[in-house]
Every structure is written in C-alpha cells, then in structure tokens.
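Participant:
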Amino acid sequence: VIKKTFTKQKYQKGKATEFRCGKCGSSHRPKSCPAFGKSCNNCGKMNHYAKCCKAAPRQKVHTVDEEVEDEEEFIVDEVH
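Quick note: the sequence shown uses this note's numbering, first residue 98, plus one each step.
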C-alpha cells in the first residue's frame with residue numbers, strides 16, 4: 098500500500114509544479130522534501146516533522162532526580 102503524502106492542491110511557482118507536502122507542511126516539488134532523512138521529534142520515525150506526525154502527541158513529562166543518602170550522621174555532645 099502506497100500512501101500519498103501530498104494533497105491534491107497544486108501550486109504554480111515559476112514553471113515547476115509544487116504540492117503541499119504532508120511530511121513537512123510546506124509547498125515544494127516532489128522528491129525535494131526538507132523532512133527527508135530527518136527524524137520526528139514526536140514519534141522518532143524518519144522522514145517527517147512532528148507538526149505533520151500522525152501518531153498521538155507525546156506527553157511531556159517533567160522528571161526530578163533526587164539523591165537521598167541512606168546514612169544519617171548524629172552528633173551527641175555531653176555537657177557537665
């Protein structure tokens with residue numbers, strides 16, 4: 098199954114026909130997509146940008162690393 102990544106709208110720019118690309122979101126000639134060879138920041142797959150990604154949006158997670166020492170130090174002083 099071959100999926101079409103260009104919409105049916107054609108744009109004329111000079112003599113070359115350009116298409117609205119479903120991989121990068123811009124208009125350009127077929128086979129000259131700037132997203133080709135790039136990985137998506139949403140799904141990690143190749144050849145499309147996150148703004149055109151068909152996968153569910155990845156949730157942003159804020160992580161906090163905390164170091165906890167197991168040993169506690171006690172100082173006992175005696176006053177006479």
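For every residue, glycine included, the Cβ atom is placed at its ideal position computed from N, Cα and C.
Three or more C-beta pairs closer than 8 Å, one from the region 113 to 133 and one from the region 144 to 162: is that the case here?
Facilitator: yes
Participant: Kindly say whether His145, judged by its beta-carbon, lies nearer than 8 Å to any beta-carbon of chain B.
Facilitator: Included in the structure is just one protein chain, with no chain B present.
Participant: Which residues does DSSP list as the beta-bridge partners of Ser123?
Facilitator: According to DSSP, Ser123 bridges with nothing at all.
Participant: Where Pro154 and Glu168 are concerned, what is the direct C-alpha to C-alpha distance, given to the nearest angstrom?
Facilitator: 43 Å
Participant: Between the alpha carbons of Ser123 and Val158, how many angstroms are there, rounded?
Facilitator: Put simply, the backbone Cα of Ser123 is about 30 Å away from that of Val158.
Participant: Quick one: Cα of Lys128 to Cα of Gln156, how far?
Facilitator: Straight-line measurement puts the Cα of Gln156 at about 32 Å from the Cα of Lys128.
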